[in-house]
Amino acid sequence: KSLWLLGFLASLSSGGGSGGNFNTGGGSDGGSGSNQLPSWLDASQIGRWFEQNSATVAALICVLLCVFLVIWLVTLVLGEIGQGGLIANVDGIERGGSPTFGDGWRAGVARVRTLVGMRLLLAIPGILLGAIFVAILVITTVGTAGTALSGQSGEDMFAAILGAGAIGFLCIVFPLLCIFAIYSLLVGVLETFGRRAVVLENLGAIDGLKRGWAVFRGKIGDSIVLAILMAVVSFVVGIVVAVPLVVFGVGTAIGAAAFSDSAPWALIAVGILLFIVLAVVIGSFFTAVNSAVWTLAYREFTTPPPAPPTPPAIDLLAAAPPPPA
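Written out as structure tokens, the structure reads:
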């Protein structure tokens, strides 16, 4: 049962990101020219607004970056403690013990510096790829659009930007996305086997990555089959779990629409809270199961086959026939 709590911690570092939606709204203005840009796209007004509120915008950006950085570091450390504790506890159970949550926590804390260092080492190439991706995309789009925008109308400007974006996607973005996808698969392999090498064999970050890659390369067929099997199981169970959640969400939306004048906000809030709790419990369970499966696989991959039994010793003197009389 301790694996569930450790699975919750481990799910914090299993990936994810934050995103936002940029929503704009407005009505149609009768009599506006077809070549006139909307007011929120007017570069002069945008520049004037940023100039008037530059200090506020800069301070808000710095605060948000600091908050996101602190949250990311905390979740990274707690997640790696959970990952290390899961691996250690599953190994302890296989050895006949009964490890508790405290045992897993202490094992994860003991190796958290190495595990975090390994994650950061693997993140550096991804960050560089992302920076190159963004830089090339921005330079290509802005440069192509800038050469074609001089003295053009709003519709021509939009068409030029759209064309530059399409060219940039086909020539630059798509190949970089393919490279990034391949690297993401490689990172998944190195993290899966490298963590277990660090925790179970007490290796450093670089040595753990080397050892993990060697284990994967020696058992590449079994590893791919196991990964496909786990993906299929996760997909099927995810669909089974998603059906009642979708029914619950549709029911909540219908109930809110039926009581539009006096919406039961308390009931909706309780429903959302229950949905979050259920999602956390299910995510923790599957994180624990996935970690346990790969830990057992790593133990099997690295355990040498038993030596063949030695034949019994034969006493040649006893087996020899008696001498003739």
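Note that this note's numbering has the sequence shown beginning at 757, numbered continuously upward.
Using N, Cα and C, we set each Cβ at its ideal position, and we do this for glycine too.
Quick check: residue i and residue j, are their CB atoms within less than 7 angstroms of each other?
i     : j    : result
S1040 : G858 : no
F1031 : K975 : no
I1082 : V999 : One cannot answer for residue 1082 here, as it falls past the ends of the chain, which runs 757 to 1081.
M874  : A961 : yes
L932  : F889 : yes
L885  : F930 : no
V971  : F949 : yes
S979  : G860 : no
Enumerate in chain order the residues of its own chain whose CB-to-CB distance from residue i is below 7 angstroms, with the five nearest sequence positions on each side excluded.
i     : result
I843  : R951, R952, V955, L956, S1047, T1051
L946  : L878, L965, G968, W969
V833  : V868, V872
I849  : P855
V1036 : F764
A811  : none
G786  : Here G786 scores only 44 on pLDDT, less than 50, and its place in the model is too uncertain to base an answer on.
Determine the burial state of residue i: buried for a count of at least 16 other Cβ atoms within 10 Å of its Cβ, exposed for fewer.
i     : result
A766  : buried
L797  : For L797, the pLDDT reaches just 48, beneath the cut-off of 50, and the residue's location in the model is therefore unreliable, although a value from the coordinates is still provided. Answer is exposed; the Cβ neighbour count stays below 16.
T1043 : buried
W828  : exposed
L1029 : exposed
T870  : buried
P1079 : exposed
N741  : Outside the displayed range of the chain (757 to 1081) lies residue 741, so it cannot be described from this structure.
How is the alpha helix (DSSP H) around residue i delimited, first residue to last?
i    : result
R851 : It is not in any alpha helix (DSSP H) - R851 carries neither H nor E in the DSSP assignment.
P931 : 930-957
A970 : 961-974
A766 : 758-767
Please work out which residues of its chain come closer than 6 angstroms, Cβ to Cβ, to residue i, disregarding the five sequence neighbours upstream and downstream, and give them in chain order.
i     : result
G864  : I837, G840, G841
Y1054 : R952
L942  : none
L985  : none
L761  : F857
Please go through the same chain and pick out, in chain order, the residues whose beta-carbon is closer than 8 angstroms to the beta-carbon of residue i, but skip the five residues on each side of it.
i    : result
G740 : Limits of the chain in this structure are 757 at one end and 1081 at the other, which puts residue 740 out of reach.
L825 : none
Y939 : P881, G882, L885
D847 : V955, L956, T1051, R1055
D963 : A953
Is residue i near the ligand PLP, judged by its Cβ being under 6 angstroms from some heavy atom?
i    : result
S979 : No copy of the ligand PLP occurs in the structure displayed, which carries no ligand at all.
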